[in-house]
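*Asks:*
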Amino acid sequence: MVSFSTTNRKLYHFKPSIFLYNQPLTINKHPKYLDFVLDPEILGNKHNDNIVFKARKRLNILRYISGRDWGADAGTLRNTYISFIRPILEYGVPVYCSASIRNLQKLEKVQLSTARIIIGLKNTCPRDIVLFEAYLQPLILRRRACLTKYYNKLRSLDSRNRTSAYFKDWCKNQRFRRNSPFCQMVSFNLTIGAVEPHHLSQCLDPADDLDGVFFQPELPVHLNKQADIPAYLKQLSLERIGDVPIDAVQVYTDGS
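Per the working numbering, the very first residue in the sequence shown carries number 158; after that it's consecutive.
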(Lines of atoms letter the chains of each structure in order from A and count residues from 1; the text may use other names and numbers.)
(Lines give C-alpha, C1' and ligand atoms only; values in the text may rest on other atoms or scores of the structure.)
Protein backbone atom coordinates (compact mmCIF):
# COMPACT_ATOMS: atom_id res chain seq x y z
CA MET A 1 0.00 0.00 0.00
CA VAL A 2 1.23 3.52 -0.85
CA SER A 3 -0.13 7.00 -0.21
CA PHE A 4 0.75 10.54 -1.33
CA SER A 5 0.25 13.88 0.41
CA THR A 6 0.38 17.16 -1.47
CA THR A 7 -0.82 20.75 -1.20
CA ASN A 8 -1.44 20.92 -4.96
CA ARG A 9 -5.16 20.40 -5.53
CA LYS A 10 -4.52 19.42 -9.15
CA LEU A 11 -2.75 16.29 -7.93
CA TYR A 12 -5.46 15.30 -5.47
CA HIS A 13 -6.77 12.49 -7.69
CA PHE A 14 -3.33 11.46 -8.92
CA LYS A 15 -2.99 7.66 -8.90
CA PRO A 16 0.40 6.49 -10.14
CA SER A 17 1.14 2.89 -11.02
CA ILE A 18 3.78 1.59 -8.64
CA PHE A 19 5.03 -1.98 -8.64
CA LEU A 20 7.01 -3.92 -6.06
CA TYR A 21 8.43 -7.25 -7.19
CA ASN A 22 6.17 -7.04 -10.25
CA GLN A 23 3.11 -6.67 -8.02
CA PRO A 24 0.99 -3.47 -8.19
CA LEU A 25 0.70 -1.56 -4.92
CA THR A 26 -2.68 -0.38 -3.69
CA ILE A 27 -3.19 3.39 -3.55
CA ASN A 28 -4.84 4.47 -0.29
CA LYS A 29 -5.90 8.12 -0.13
CA HIS A 30 -6.64 8.02 3.61
CA PRO A 31 -4.23 5.66 5.36
CA LYS A 32 -3.95 5.33 9.13
CA TYR A 33 -0.65 5.88 10.92
CA LEU A 34 -0.67 5.43 14.70
CA ASP A 35 -4.48 5.70 14.48
CA PHE A 36 -4.20 9.11 12.79
CA VAL A 37 -6.09 9.33 9.49
CA LEU A 38 -3.99 11.06 6.85
CA ASP A 39 -5.39 12.87 3.82
CA PRO A 40 -3.70 13.94 0.56
CA GLU A 41 -4.19 17.67 1.18
CA ILE A 42 -2.82 17.58 4.76
CA LEU A 43 -5.97 19.21 6.16
CA GLY A 44 -6.80 16.87 9.03
CA ASN A 45 -10.47 16.76 8.02
CA LYS A 46 -10.69 12.98 7.75
CA HIS A 47 -9.05 12.52 11.12
CA ASN A 48 -11.49 14.98 12.71
CA ASP A 49 -14.44 13.13 11.22
CA ASN A 50 -13.02 9.86 12.52
CA ILE A 51 -12.52 11.02 16.10
CA VAL A 52 -15.95 12.69 16.14
CA PHE A 53 -17.50 9.40 15.07
CA LYS A 54 -15.62 7.47 17.77
CA ALA A 55 -16.42 10.05 20.45
CA ARG A 56 -20.15 10.09 19.65
CA LYS A 57 -20.26 6.30 19.93
CA ARG A 58 -18.82 6.54 23.43
CA LEU A 59 -21.14 9.42 24.19
CA ASN A 60 -23.98 6.93 24.20
CA ILE A 61 -22.48 5.40 27.35
CA LEU A 62 -23.10 8.66 29.22
CA ARG A 63 -26.70 8.64 28.06
CA TYR A 64 -27.14 5.11 29.38
CA ILE A 65 -25.74 5.82 32.86
CA SER A 66 -27.41 9.22 33.28
CA GLY A 67 -30.98 9.89 34.32
CA ARG A 68 -33.16 12.34 36.25
CA ASP A 69 -34.23 10.05 39.07
CA TRP A 70 -31.53 7.38 38.88
CA GLY A 71 -28.06 6.77 37.48
CA ALA A 72 -24.69 8.46 37.99
CA ASP A 73 -24.35 11.95 39.42
CA ALA A 74 -22.81 14.93 37.60
CA GLY A 75 -19.35 14.34 39.08
CA THR A 76 -19.23 10.73 37.90
CA LEU A 77 -20.45 11.70 34.43
CA ARG A 78 -17.84 14.43 34.17
CA ASN A 79 -15.02 12.10 35.23
CA THR A 80 -16.24 9.52 32.72
CA TYR A 81 -16.10 12.08 29.94
CA ILE A 82 -12.64 13.36 30.94
CA SER A 83 -11.11 9.88 31.10
CA PHE A 84 -13.07 8.07 28.39
CA ILE A 85 -14.12 10.55 25.68
CA ARG A 86 -12.05 13.74 25.80
CA PRO A 87 -8.71 11.94 25.14
CA ILE A 88 -10.17 10.85 21.79
CA LEU A 89 -11.05 14.44 20.87
CA GLU A 90 -7.54 15.62 21.74
CA TYR A 91 -5.56 12.83 20.10
CA GLY A 92 -3.16 14.24 17.51
CA VAL A 93 -3.64 17.92 18.44
CA PRO A 94 -0.20 19.03 17.13
CA VAL A 95 -1.18 17.68 13.70
CA TYR A 96 -4.86 18.52 13.24
CA CYS A 97 -4.68 21.94 14.95
CA SER A 98 -4.33 23.53 11.51
CA ALA A 99 -7.72 22.23 10.35
CA SER A 100 -10.43 24.67 9.37
CA ILE A 101 -12.56 26.35 12.02
CA ARG A 102 -15.61 24.54 10.70
CA ASN A 103 -14.02 21.12 11.31
CA LEU A 104 -12.70 22.10 14.72
CA GLN A 105 -16.19 23.21 15.72
CA LYS A 106 -17.32 19.60 15.28
CA LEU A 107 -15.18 18.66 18.27
CA GLU A 108 -16.63 21.51 20.32
CA LYS A 109 -20.15 20.29 19.53
CA VAL A 110 -19.32 16.85 20.92
CA GLN A 111 -18.11 18.37 24.18
CA LEU A 112 -21.15 20.65 24.33
CA SER A 113 -23.45 17.65 23.95
CA THR A 114 -21.56 15.96 26.77
CA ALA A 115 -21.91 19.01 29.02
CA ARG A 116 -25.68 19.05 28.46
CA ILE A 117 -25.87 15.38 29.47
CA ILE A 118 -23.78 16.02 32.60
CA ILE A 119 -25.75 19.04 33.78
CA GLY A 120 -29.14 18.18 32.29
CA LEU A 121 -29.73 21.60 30.73
CA LYS A 122 -31.87 22.14 27.65
CA ASN A 123 -30.57 22.90 24.16
CA THR A 124 -31.75 26.51 24.44
CA CYS A 125 -29.26 27.24 27.22
CA PRO A 126 -26.22 29.27 25.98
CA ARG A 127 -23.02 27.34 25.36
CA ASP A 128 -20.86 29.33 27.79
CA ILE A 129 -23.26 28.71 30.66
CA VAL A 130 -23.43 24.98 29.90
CA LEU A 131 -19.63 24.61 29.88
CA PHE A 132 -19.31 26.73 33.02
CA GLU A 133 -21.85 24.67 34.95
CA ALA A 134 -20.20 21.43 33.79
CA TYR A 135 -16.80 22.82 34.80
CA LEU A 136 -15.33 22.11 31.35
CA GLN A 137 -12.84 24.28 29.50
CA PRO A 138 -13.40 24.93 25.76
CA LEU A 139 -11.27 22.65 23.62
CA ILE A 140 -9.70 25.58 21.78
CA LEU A 141 -8.12 26.78 25.04
CA ARG A 142 -6.91 23.30 25.88
CA ARG A 143 -5.37 22.99 22.40
CA ARG A 144 -3.43 26.24 22.91
CA ALA A 145 -2.05 24.97 26.21
CA CYS A 146 -1.18 21.58 24.69
CA LEU A 147 0.60 23.17 21.72
CA THR A 148 2.52 25.55 23.98
CA LYS A 149 3.79 22.63 26.04
CA TYR A 150 4.59 20.56 22.93
CA TYR A 151 6.52 23.25 21.04
CA ASN A 152 8.52 24.34 24.06
CA LYS A 153 9.42 20.74 24.79
CA LEU A 154 10.74 20.43 21.22
CA ARG A 155 12.82 23.52 21.80
CA SER A 156 14.29 22.04 24.96
CA LEU A 157 15.61 18.91 23.20
CA ASP A 158 18.99 18.77 21.52
CA SER A 159 19.74 18.21 17.84
CA ARG A 160 19.81 14.41 18.21
CA ASN A 161 16.03 14.50 18.24
CA ARG A 162 15.03 14.74 14.56
CA THR A 163 11.74 16.53 15.15
CA SER A 164 13.45 19.06 17.39
CA ALA A 165 16.24 19.64 14.86
CA TYR A 166 13.73 20.21 12.05
CA PHE A 167 11.63 22.44 14.28
CA LYS A 168 14.57 24.69 15.16
CA ASP A 169 15.64 25.06 11.49
CA TRP A 170 12.10 25.72 10.23
CA CYS A 171 11.29 29.17 8.88
CA LYS A 172 8.02 30.61 7.67
CA ASN A 173 9.05 31.05 4.02
CA GLN A 174 9.21 27.30 3.42
CA ARG A 175 6.68 25.67 1.10
CA PHE A 176 4.04 24.70 3.62
CA ARG A 177 0.39 25.50 3.88
CA ARG A 178 -0.20 28.99 5.20
CA ASN A 179 -2.08 27.57 8.16
CA SER A 180 0.38 24.80 9.01
CA PRO A 181 0.94 23.83 12.68
CA PHE A 182 4.28 25.63 12.81
CA CYS A 183 2.70 28.75 11.31
CA GLN A 184 0.13 28.70 14.10
CA MET A 185 2.97 28.60 16.59
CA VAL A 186 4.30 31.86 15.14
CA SER A 187 0.87 33.48 14.78
CA PHE A 188 -0.21 32.81 18.36
CA ASN A 189 3.28 33.24 19.86
CA LEU A 190 3.16 29.89 21.61
CA THR A 191 6.86 29.66 22.47
CA ILE A 192 8.30 31.30 25.55
CA GLY A 193 11.63 33.10 25.79
CA ALA A 194 13.90 30.77 27.77
CA VAL A 195 13.54 26.99 27.89
CA GLU A 196 15.60 24.69 30.07
CA PRO A 197 17.50 22.23 27.82
CA HIS A 198 16.93 18.51 28.24
CA HIS A 199 19.02 15.62 26.97
CA LEU A 200 17.65 12.19 26.18
CA SER A 201 21.03 10.46 26.49
CA GLN A 202 21.70 8.11 29.40
CA CYS A 203 23.80 9.51 32.22
CA LEU A 204 24.43 6.07 33.74
CA ASP A 205 24.98 2.67 32.21
CA PRO A 206 22.46 0.23 33.75
CA ALA A 207 25.00 -2.59 33.36
CA ASP A 208 27.53 -0.85 35.62
CA ASP A 209 27.26 -0.86 39.41
CA LEU A 210 27.50 2.31 41.44
CA ASP A 211 30.85 2.86 43.13
CA GLY A 212 30.83 1.86 46.78
CA VAL A 213 27.14 0.94 46.84
CA PHE A 214 25.73 -2.56 47.18
CA PHE A 215 22.05 -3.35 47.41
CA GLN A 216 21.02 -6.43 49.38
CA PRO A 217 17.76 -7.77 47.91
CA GLU A 218 17.37 -10.57 50.49
CA LEU A 219 15.72 -10.07 53.87
CA PRO A 220 17.79 -10.69 57.01
CA VAL A 221 15.71 -13.69 58.14
CA HIS A 222 13.96 -16.56 56.41
CA LEU A 223 10.24 -15.96 55.99
CA ASN A 224 7.15 -17.74 54.76
CA LYS A 225 4.58 -15.57 53.01
CA GLN A 226 1.72 -17.87 53.92
CA ALA A 227 2.59 -18.25 57.61
CA ASP A 228 4.01 -14.84 58.58
CA ILE A 229 1.95 -11.74 59.18
CA PRO A 230 1.95 -9.26 56.21
CA ALA A 231 2.70 -6.34 58.53
CA TYR A 232 5.85 -8.12 59.72
CA LEU A 233 6.97 -8.71 56.13
CA LYS A 234 6.42 -5.04 55.31
CA GLN A 235 8.42 -3.95 58.37
CA LEU A 236 11.43 -6.08 57.40
CA SER A 237 11.30 -4.75 53.82
CA LEU A 238 11.23 -1.15 55.00
CA GLU A 239 14.16 -1.81 57.31
CA ARG A 240 16.18 -3.21 54.40
CA ILE A 241 15.31 -0.18 52.24
CA GLY A 242 16.25 2.13 55.11
CA ASP A 243 19.79 0.74 55.11
CA VAL A 244 20.40 2.23 51.64
CA PRO A 245 22.14 5.65 51.89
CA ILE A 246 20.04 8.55 50.65
CA ASP A 247 22.81 9.90 48.40
CA ALA A 248 23.25 6.48 46.75
CA VAL A 249 20.05 6.74 44.70
CA GLN A 250 19.84 9.18 41.79
CA VAL A 251 16.90 9.47 39.41
CA TYR A 252 17.22 10.99 35.92
CA THR A 253 14.24 11.93 33.76
CA ASP A 254 13.71 13.61 30.38
CA GLY A 255 11.52 16.31 31.93
CA SER A 256 8.23 14.99 30.52
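From the three backbone atoms N, C-alpha and C, an ideal C-beta is built for every residue, glycine too.
Keep in mind that this is a model prediction, so the values were computed, not measured.
If you follow the alpha helix (DSSP H) that residue 378 is part of, which residue opens it and which one closes it?
*Replies:* If you number the sequence shown from 1, residue 378 lands on position 221. Element bounds for residue 378: n/a, residue is neither H nor E.
*Asks:* Please report the Cβ distance between residue 267 and residue 209, rounded to the nearest whole angstrom; I am assuming they are in contact, meaning their Cβ atoms lie under 8 Å.
*Replies:* Locating residue 267 in the sequence shown gives position 110, where the first residue counts as 1. Locating residue 209 in the sequence shown gives position 52, where the first residue counts as 1. About 6 Å separates the two Cβ atoms, so the contact holds.
*Asks:* What are the residues that DSSP puts in a beta bridge with residue 414?
*Replies:* Missing from the structure shown is residue 414; the chain here goes from 158 to 413 and no further.
*Asks:* Between the Cα of residue 271 and the Cα atoms of 287, 381, 260, 342, which residue gives the shortest distance?
*Replies:* Stepping through the sequence shown from its first residue, residue 271 is reached at position 114. With distances taken between Cα atoms, residue 271 lies closest to 287.
*Asks:* Quick check on DSSP: helix, strand or coil for residue 181?
*Replies:* Your numbering for residue 181 matches position 24 in the sequence shown. Three-state DSSP puts residue 181 in a strand.
*Asks:* Relative to the alpha-carbon of residue 224, which residue among 173, 187, 260, 274 has its alpha-carbon at the smallest distance?
*Replies:* The residue you call residue 224 lines up with position 67 of the sequence shown. Ranking the options by Cα distance to residue 224, first place goes to 274.
*Asks:* Going along the chain, which residues of its own chain have a beta-carbon closer than 6 Å to the beta-carbon of residue 393, five neighbours each way excluded?
*Replies:* What you label residue 393 is simply residue 236 of the sequence shown in a count that begins at 1. Here the set comprises 376.
*Asks:* Rounded C-beta distance between residue 343 and residue 304? I'm assuming under 8 Å.
*Replies:* To locate residue 343, count along the sequence shown from 1; it is residue 186. To locate residue 304, count along the sequence shown from 1; it is residue 147. About 12 Å; that fails the 8 Å criterion.
*Asks:* Buried or exposed: which applies to residue 334, given that a residue is buried once 16 or more other Cβ atoms fall within 10 Å of its Cβ?
*Replies:* Looking up residue 334 in the sequence shown gives position 177. Because residue 334 sits at a pLDDT of 49, beneath the cut-off of 50, its placement in the model cannot be relied upon, and the point is left open.
*Asks:* Quick one: does residue 340 have its CB under 8 Å from some CB of chain D?
*Replies:* Protein chains in the displayed structure number just one, and chain D is not present.
*Asks:* Do residue 338 and residue 401 count as a contact pair if the criterion is CB distance below 8 Å?
*Replies:* Sequence index remark: in the sequence shown, residue 401 carries index 244 (1-based). Sequence index remark: in the sequence shown, residue 338 carries index 181 (1-based). Taking 8 Å as the Cβ cut-off, residue 401 and residue 338 do not qualify as a contacting pair.
*Asks:* How would you call residue 280, buried or exposed, if buried means at least 16 neighbouring beta carbons within 10 angstroms?
*Replies:* As a working note, residue 280 is residue 123 in the sequence shown. So residue 280 counts as exposed.
*Asks:* Would you please state the rounded distance, in angstroms, between the beta carbons of residue 308 and residue 347? I believe it to be under 8 Å.
*Replies:* Your numbering for residue 308 matches position 151 in the sequence shown. Your numbering for residue 347 matches position 190 in the sequence shown. So it is a contact: roughly 5 Å between Cβ atoms.
*Asks:* Suppose you measure from the CA of residue 176 to the CA of residue 182; what does that come to, to the nearest Å?
*Replies:* Taking the first residue of the sequence shown as 1, we reach residue 176 at position 19. Taking the first residue of the sequence shown as 1, we reach residue 182 at position 25. Going by the C-alpha atoms only, they are around 6 Å apart.
*Asks:* Spatial neighbours of residue 242 within its chain, please: CB distance less than 6 Å, with the 5 preceding and 5 following residues excluded, ordered by chain position.
*Replies:* What you label residue 242 is simply residue 85 of the sequence shown in a count that begins at 1. Here the set comprises 212, 215.
*Asks:* For the alpha helix (DSSP H) containing residue 175, name the first residue and the last one.
*Replies:* Locating residue 175 in the sequence shown gives position 18, counting from the first residue. Residue 175 -> no alpha helix (DSSP H), and no H or E assigned at all.
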